[in-house]
Structures are given as C-alpha cells and as structure tokens.
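Colleague: Going by my numbering, the sequence shown opens with residue 5, and the numbers climb by one from there.
Positions of the beta carbon are idealized from the N, C-alpha and C atoms, including for glycine.
Please read these numbers as outputs of a predicted model, since none were measured by experiment.
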Amino acid sequence: MLLRQMTRLSVFIASCVLAVLASSQLSAQSPACRAECDREYGDHPGRFSACVNQCPRARPQARPHTTYSEGSSTDWNYCSSETLGTAEERIRHCTSLIDSNLSPEDRSVAYINRGGLWQSLKDYANAVADYNESLKLKPNDQDVVGRRADALRRQGEHDRAIEDYNLAIRLAPSGDNYRRRCYARAAANRDLEPALADCDQALRRKRNDAESLESRGFVNFRLERLDDAMTDLNAALRNKPGLVPSLFIRGVIKLKRGDTPGGNADIVAAKASSPTLPRPSRCTALYPSR
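In structure tokens:
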C-alpha cells in the first residue's frame, strides 16, 4: 500500500514539473533577445531573468527567404517574419503563397513556416498537416521531421512522435535531435534509461549544453535519482542562469528535502520569468520528505 502511495505521489509531482516545462515552452523568448540578455547580464541571474522576461515571445523559427520562383514580396516578408503582423495575418500570407504558382522547394518553405505558425497557436493538428505536405515536396528534411515530432508530442501522440525523433536522428544524429528524444521520453515517463542514454549522446555532441543537462535532470527526477538530478540542474544553471524549468525543479527538490529557504528562492526566481507557473505547494505538500 505504501509503495502504491509513493508511486502515485511521484506521478503527481512529475505532472507539476511537466506543467512548468510546458509553460516555459509556451512563453519561450526570442533566441536573439535571450542571447543579448546573456551577453549583458549572464553573470547576474536576477538581471538576466528580468531582461529575458521583456523579450518578445518566439515560435518555431521561420525559414528565411532570398529569391523565390513566384509569390509577392509582401507575402514572403510576412510568411517568413517573426514580428510582422499577427500570427493569423502571417498564416494568411503563407496560404496565399501556397495557393500561388510556386516551385516545389518554395512551396515546401511556405508549408514549413505556416506549420510553425499553427504550432505557435497550439493548433498542432494543422501544424502536423503542413509538415506532412512539406515532407511530400522535400522528403527526409530532418528539421521538418523534428518539428513534426515536437507537434505530435505536444498533441499527446507519443509513439508517432518517437518514430519521428528516431527518423530525425537517423537523418542527422545531432545533439539537438538526441536531446529532443530524451525529453520526449521523460515527458511520457517511458523508456527512462534509454532517455538517459539519449541525453548522454546529446552532451557528447554539445558539451555542457544547458537544455540537454536540464532534460537529463528531468529524467533523473523521474527516476527519483535526486542527487543526480541536482548535479545536472546545477550544471544547467551555471551554463544558463535563469533557466526556468531548472530553477523550478531544483526548488521542488530542495523543498522536498527540507531546504525551505533555498527551495523558495529558486521558485521565486523561476516565477519572476514565468508568472503562470503552478504553486510549488501543489507539487510538494503531499510528497513525503526524504
């Protein structure tokens, strides 16, 4: 009976962490803006978090354009932009391009960009549909396969997402692709030992990558290897101060261990950058102390 209670509580707290990770992804800021904050305030976590919180929100990055076969320059400017108009306006311009007399390669780019816009609106079904169309025109584009995998994962289709992550790794065994599969497995709470192996592969390719360390920390958290999780999260935060999920998970672990001041400090720092995070008490109140 006690073992079953512990298992249920472990699942409960892990679900809170997933809520944090999802919140962090939805409020992800522009990479260029984050890089500027890192250059200015990388050695001051408080100022870094405040700077990043002012950055514009990002979406899956649009493919840039140079010279295209057809389509108006206005349509291309909007469809390829991160900032012009609203997401809905940019979708309309991408649709106008798709319906025009484009070359297959150009139409593929328009589908990719529209898919990213659907994904930013959390319309994952339409995002997957556009990525499918892009891959018909340009098969085995590992970037598009990875984007489709992310959309499928967020749609709750774990098995199909893993198939795409597997394909992306076969096409390009990069650190980013291994990290994405590591996180997907952790999010689904499945294949956790292979997930650790994926994160290890990611870190061999991108040494000390903060997101890979964070993902491995999440896997260790899932496995209740809290010492290992703390080591990974501390390393992630050394490399990227203010990383919201790492701060939150580390705070939860500290609270669980009875370090109330340290845990609260991490939670406050995390919430400063992402005010929609769940209350830590929801995640820790029922979780037994070590």
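Buried or exposed: Val272, going by 16 or more other Cβ atoms within 10 Å of its Cβ?
Modeller: Per the 10 Å Cβ criterion, exposed.
Colleague: Label Arg189 either buried or exposed according to how many other C-beta atoms from any shown protein chain fall within 10 Å of its C-beta, with 16 as the threshold for buried.
Modeller: So Arg189 ends up on the buried side.
Colleague: Should Val143 be labelled buried (16 or more other beta-carbon atoms within 10 Å of its own) or exposed?
Modeller: First, the residue type needs correcting, since residue 143 is Pro and not Val in the sequence shown. Exposed.
Colleague: Hey, quick one: how far does the alpha helix (DSSP H) through Leu217 stretch, first residue to last?
Modeller: That run of the alpha helix (DSSP H) goes Ala214 to Arg226.
Colleague: As an exercise, report each continuous alpha helix (DSSP H) stretch of at least 4 residues that is fully enclosed by the region 239 to 281, in chain order.
Modeller: Counting only runs of 4 or more, we get 248 to 260 and 264 to 277.
Colleague: Using the Cα positions of Pro249 and Asp134, report the straight-line distance between them to the nearest angstrom.
Modeller: Roughly 30 Å separates the two Cα atoms.
Colleague: Using the beta-carbon count (16 or more within 10 Å), is Gly50 buried or exposed?
Modeller: Confidence in Gly50 is poor, its pLDDT being 47 and thus under 50, which makes the residue's placement too unreliable to answer from.
Colleague: Can the beta-carbon of Asp168 be found less than 7 Å from the beta-carbon of Ala153?
Modeller: In this structure, Ala153 lies closer than 7 Å to Asp168 by Cβ.
Colleague: Looking at the secondary structure, which residues open and close the alpha helix (DSSP H) in which Thr99 lies?
Modeller: First-last of the alpha helix (DSSP H) with Thr99: Ala91 to Ile102.
Colleague: Tell me whether Glu167 sits in a helix, a strand or coil according to DSSP, three-state version.
Modeller: Helix.
Colleague: Could you check how far apart the C-beta atoms of Leu230 and Ala240 are, in whole angstroms? I think they sit under 8 Å.
Modeller: 15 Å between Cβ atoms; not a contact.
Colleague: Can you find the residues in the same chain that come closer than 6 Å, C-beta to C-beta, to Lys258, ignoring five residues on each side of it along the sequence?
Modeller: Result list for Lys258: Gly266 and Gly267, in chain order.
Colleague: Suppose contacts are defined by Cβ-Cβ distances below 7 Å. Is Leu141 in contact with Arg111 by that definition?
Modeller: In this structure, Arg111 lies closer than 7 Å to Leu141 by Cβ.
Colleague: Just to confirm the assignment: which complete alpha helix (DSSP H) runs, minimum length 4, are found wholly within the region 122 to 151?
Modeller: Listed in chain order, they are 128 to 141.
Colleague: Distance check for Lys260 and Arg184, CA to CA, integer angstroms please.
Modeller: When rounded, the distance between both Cα atoms is 28 Å.
Colleague: Report yes if the C-beta distance between Ala214 and Asn243 is below 7 Å; otherwise report no.
Modeller: Yes. Within cutoff.
Colleague: My output table needs one value for Gly160: the three-state DSSP class, helix, strand or coil.
Modeller: The answer is coil: DSSP assigns Gly160 none of H, G, I, E or B.
Colleague: Applying the 10 Å Cβ sphere with the 16-neighbour rule, what's the burial state of Asn105?
Modeller: Asn105 comes out exposed.
Colleague: Cα-Cα, which of Cys98, Ser76, Pro245 and Ser216 is closest to Asp180?
Modeller: Looking at the Cα atoms, Ser216 is the closest of the given residues.
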